[in-house]
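Chains A and B, in that order, are what the protein sequence lines are.
Take 809 as the starting number for the first sequence in the numbering used here and just add one per residue.
Take 809 as the starting number for the second sequence in the numbering used here and just add one per residue.
Working notes, beginning with the structure itself.
2 protein chains.
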Amino acid sequence: MPVHSKHLSADERRAATVRAVVQLAAQHNPSEITTTAIAQQMGVTQGALFKHFPTKEAILEAVMGWVAERLLARVDQAAAAASSPLLALEAIFMTHVDFVAEHPGVPRVMFGELQRAKMSAPKRMAQLLIRRYGERLQHLIDAGKASGELSSSIDTAAAATLFVGTIQGLVMQSMLAGDVRRIRNEAPGVFVLYRRAIGSRP
Amino acid sequence: MPVHSKHLSADERRAATVRAVVQLAAQHNPSEITTTAIAQQMGVTQGALFKHFPTKEAILEAVMGWVAERLLARVDQAAAAASSPLLALEAIFMTHVDFVAEHPGVPRVMFGELQRAKMSAPKRMAQLLIRRYGERLQHLIDAGKASGELSSSIDTAAAATLFVGTIQGLVMQSMLAGDVRRIRNEAPGVFVLYRRAIGSRP
DNA sequence: CAGAAGAAAGTGATTGATTACTATCTTATG
DNA sequence: CATAAGATAGTAATCAATCACTTTCTTCTG
């Protein structure tokens, strides 16, 4: 197993490419992540990338696929371990925040794809991720309303929008501060407010 | 006063340039708003832009300045007309949503600037806007806590973050749907939740 | 107040740099 | 040794910015 080889199998090289993009996005604007920069980050010449991806768009599509798979898996895992809908929402919130703190480049590429004008494979992938994420949230919110843990009078869709928006607000604050790890410290305080927004009142 | 002239004064031409960028951003990704596209949008050749702006970055800086001035003016106006801190927050919320609905390109350029890696004049301007906006929110939230209209136990900074994040969530939902005007319909429902989060409980 | 003189604004062509992508040659690995 | 992976060296297209030149507006003078 030649781990330190310059030659990698196609699968390994594709995975390394995705990793390189995520790493670059942590410190660079997605629009200035060129194929040359990606190749440099992974210690390979620019032309070599096109042995494994037909276009740059295909690279971004793979990145979005990686994000969707990892994030949803961790979200589902967090939700499954919780003993009530509200606790599940809190676990998802913190898991999501952790994921962003670990991979600060992810929200950058996410936003970058979503604000594309034309439809594209990576954008479609991003939309699918958001939709699936929203579905999970709405199920949990409905379950919480049914169990009395959440107020039955709240609008489920609005509550899901607020959930995602809350995380986005945190991400943006950390982008402003330039310190993405700070998001972990501020997240609990903001979730307290979210819980007040949706929780049933004693 | 030659209103239909192809020649405009420097001030008018700069204003027209800002308007063109905001219009373009409503339908195009900020990263693909080229100087050629800006010039075409305003019926002028590409080179003419550089009679009034030294660089493209200076154009974006002017755009951010325009946004900051207009948005903060409307926010202050809305707040001044309200008769209580909570009503002021609601008025600001709806005013902000209206502003975005009128100028769908604004959040795009805003996000685009904020996710820049290096510091730049336009990014600095965006940061200043956010900071001033946040200050106004925090003052109102503190005033609301003092008057008993808002819960005195909430974290002011977190409440301000949540306010901005809430709007961002709405913007992103509308970007996904591709229909920015829908944001007006969904805004009231989401603000109801925000009020639950910060309001004092009877 | 007419009109020359100069300033301001716009044109059209061109620059060097950078982009994604490709064609050909070389090397490493199973 | 066969072939997949990478290196090298290209391509055409596009970008922001600059150039010499022209058109339009403004101002000052005789």
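Ideal Cβ placement from N, Cα and C applies to all residues, glycine included.
Spell out the partners DSSP gives GLY1007(A) in its beta bridges. Residue 1007(A) sits at position 199 when you count from the first residue of the first sequence. LEU958(A), per the DSSP bridge assignment.
Three-state secondary structure (DSSP) at PHE919(B)? Translated into the one-based positions of the second sequence, residue 919(B) becomes position 111. In the structure shown, PHE919(B) sits in a helix (DSSP, three-state: H, G or I).
Continuous alpha helix (DSSP H) stretch holding LYS864(A): start and end: Sequence index remark: in the first sequence, residue 864(A) carries index 56 (1-based). Segment 864-889, the alpha helix (DSSP H) holding LYS864(A).
Identify whether VAL988(A) lies in helix, strand or coil by the three-state DSSP scheme. Within the first sequence, numbered from 1, the residue matching residue 988(A) stands at position 180. VAL988(A): coil per DSSP, three-state reduction.
Would you say the beta carbon of THR903(A) is closer than 7 Å to some non-hydrogen atom of the ligand GTP? The ligand GTP is absent from the structure shown, which contains no ligand whatsoever.
Which residues in the same chain as THR843(B) place their Cβ atom closer than 7 Å to its Cβ, once the five residues preceding and following it in sequence are excluded? If you number the second sequence from 1, residue 843(B) lands on position 35. Cβ within range, chain order: GLN854, LEU857, LYS864.
So which residues on chain B does SER1008(A) lean against when the C-beta distance must stay under 9 Å? In the first sequence, the residue the question calls residue 1008(A) occupies position 200. Chain B residues near SER1008(A): none, gap ~11 Å exceeds 9 Å.
What number of angstroms, rounded off, separates the C-alpha of GLN935(A) from the C-alpha of LEU816(B)? As a working mapping, residue 935(A) is identified with position 127 in the first sequence. As a working mapping, residue 816(B) is identified with position 8 in the second sequence. Distance between the alpha carbons of GLN935(A) and LEU816(B): 43 Å.
Touching by the beta-carbon criterion (3+ pairs, under 8 Å), the region 966-983 of chain B and the region 902-910 of chain B: yes
For PRO893(B), I'd like the list of residues in its chain whose CB is within less than 8 Å of its CB, leaving aside the five on either flank, ordered along the chain. As a position in the second sequence, residue 893(B) is number 85, starting the count at 1. Hits under 8 Å: LEU948, ILE949, ALA951, GLY952, SER955, GLU957, LEU958.
Return the Cβ separation of GLY977(A) and VAL972(B) in integer angstroms, given the expectation that the two are a contact with Cβ distance under 8 Å. Translated into the one-based positions of the first sequence, residue 977(A) becomes position 169. Translated into the one-based positions of the second sequence, residue 972(B) becomes position 164. GLY977(A) to VAL972(B), Cβ: 5 Å. Contact.
Residue range of the alpha helix (DSSP H) that GLU898(A) falls in? As a working mapping, residue 898(A) is identified with position 90 in the first sequence. Its alpha helix (DSSP H) spans residues 893-910.
Relative to the C-alpha of ARG924(B), which residue among MET927(A), PHE919(A), ARG924(A), LYS926(A) is closest? Taking the second sequence and counting its residues from 1, the one referred to as residue 924(B) is at position 116. Answer by Cα proximity: PHE919(A).
Take the Cβ of LEU912(A) as the centre, count every other Cβ of all protein chains shown within 10 Å, and call the residue buried at 16 or more, exposed below. Against the first sequence, residue 912(A) aligns to sequence position 104. Before going on, a small fix: residue 912(A) reads as Pro here, not Leu. By the 10 Å Cβ count, PRO912(A) comes out buried.
Kindly indicate if chain B contains any beta-carbon less than 8 Å away from that of SER982(A). On the first sequence, residue 982(A) is found 174 positions in, with the first residue counted as 1. No, no contact with chain B.
Which residues in the same chain have their Cβ closer than 8 Å to the Cβ of PRO810(A), if we skip the five residues on either side of it in sequence? Stepping through the first sequence from its first residue, residue 810(A) is reached at position 2. A caution first: PRO810(A) carries a pLDDT of 37, below 50, which makes its placement in the model unreliable, though a value can still be read off. Taken in chain order, the list of residues that qualify is empty.
Between MET927(A), ARG882(A), VAL875(A), which has its C-alpha nearest HIS836(B)'s C-alpha? One-based indexing of the second sequence puts residue 836(B) at position 28. The shortest C-alpha separation from HIS836(B) is found at MET927(A).
Going along chain A in order, which residues have a C-beta closer than 7 Å to the C-beta of HIS836(B)? Here the question's residue 836(B) lines up with position 28 in the second sequence. Neighbours of HIS836(B) on chain A, chain order: ALA925.
Residue nearest to LEU945(A) in terms of C-alpha spacing, selected from ALA995(A), ARG990(A), ALA888(A), ILE867(A): If you number the first sequence from 1, residue 945(A) lands on position 137. Of the listed residues, the one whose Cα sits closest to LEU945(A) is ALA888(A).
Are ALA833(B) and VAL917(B) touching if we call contact CB-CB under 8 Å? One-based indexing of the second sequence puts residue 833(B) at position 25. One-based indexing of the second sequence puts residue 917(B) at position 109. Their beta carbons are under 8 Å apart, which means ALA833(B) touches VAL917(B) by this criterion.
With a cut-off of 8 Å on the beta carbons, I'd call MET933(A) and ALA876(A) a contact; round off their distance for me. By one-based count along the first sequence, residue 933(A) stands at place 125. By one-based count along the first sequence, residue 876(A) stands at place 68. MET933(A) to ALA876(A), Cβ: 6 Å. Contact.
Between ILE1006(A) and the rest of its own chain, which residues show a CB-CB distance below 6 Å, the 5 nearest in sequence each way excluded? Reading the first sequence from its first residue, position 198 is the one you call residue 1006(A). Within the same chain, ILE1006(A) has close Cβ partners LEU958, ILE962, ALA967.
Name the chain A residues that come within less than 9 Å of TYR941(B), Cβ to Cβ? Start at 1 with the first residue of the second sequence, and residue 941(B) comes out as number 133. Simply none; closest approach about 11 Å.
Are any of the Cβ atoms in chain A nearer than 8 Å to that of GLY913(B)? One-based indexing of the second sequence puts residue 913(B) at position 105. GLY913(B) does not count as touching chain A.
So what's ASN837(B) in DSSP terms, helix, strand or just coil? Position 29 of the second sequence, counting from 1, holds the residue named residue 837(B). Correct three-state label for ASN837(B): coil.
Extent of the continuous alpha helix (DSSP H) run through GLN849(A): Within the first sequence, residue 849(A) is the residue found at index 41, counting from 1. Start and end: 843-849.
Between ALA995(A) and MET902(A), what straight-line distance do the alpha-carbon atoms span, to the nearest angstrom? Translated into positions along the first sequence, residue 995(A) becomes position 187. Translated into positions along the first sequence, residue 902(A) becomes position 94. Going by the C-alpha atoms only, they are around 7 Å apart.
Taking 8 Å as the threshold (C-beta atoms), are PRO915(A) and GLU869(A) in contact? Counting from 1 along the first sequence, the entry for residue 869(A) is found at position 61. Counting from 1 along the first sequence, the entry for residue 915(A) is found at position 107. Taking 8 Å as the Cβ cut-off, GLU869(A) and PRO915(A) do not qualify as a contacting pair.
Taking a cut of 7 Å between CB atoms, which residues from the region 941-967 of chain A lie near chain B? ILE962, ASP963, ALA966, ALA967
Mind pulling the chain A residues with CB within less than 7 Å of ARG1004(B)? Residue numbering aside, residue 1004(B) sits at position 196 when the second sequence is read from its first letter. Here the neighbours are ARG1004, ALA1005.
Pick helix, strand or coil for LYS859(B), following the three-state DSSP scheme. In the second sequence, counting from the first residue as 1, residue 859(B) sits at position 51. Residue state, collapsed to three classes: helix.
Which chain A residues are close to GLN976(B), counting only those with a beta carbon under 7 Å from its beta carbon? Looking up residue 976(B) in the second sequence gives position 168. The contacting residues are GLY973, GLN976, GLY977, MET980.
Grouping DSSP H, G and I as helix and E and B as strand, with all else coil, what is ASP963(B)? Reading the second sequence from its first residue, position 155 is the one you call residue 963(B). Residue state, collapsed to three classes: coil.
DSSP three-state assignment for PRO810(A), whether helix, strand or coil: In the first sequence, counting from the first residue as 1, residue 810(A) sits at position 2. Reliability fails at PRO810(A), whose pLDDT of 37 lies under 50, so the model's placement of it is uncertain and no value is given.
How is LYS926(B) classed by DSSP in three states: helix, strand or coil? Taking the first residue of the second sequence as position 1, residue 926(B) is located at position 118. Three-state DSSP puts LYS926(B) in coil, outside helix and strand.
Give the straight-line distance between the Cα atoms of THR974(B) and ILE900(B), rounded to the nearest whole angstrom. Your numbering for residue 974(B) matches position 166 in the second sequence. Your numbering for residue 900(B) matches position 92 in the second sequence. Their backbone Cα atoms lie some 13 Å apart in a straight line.
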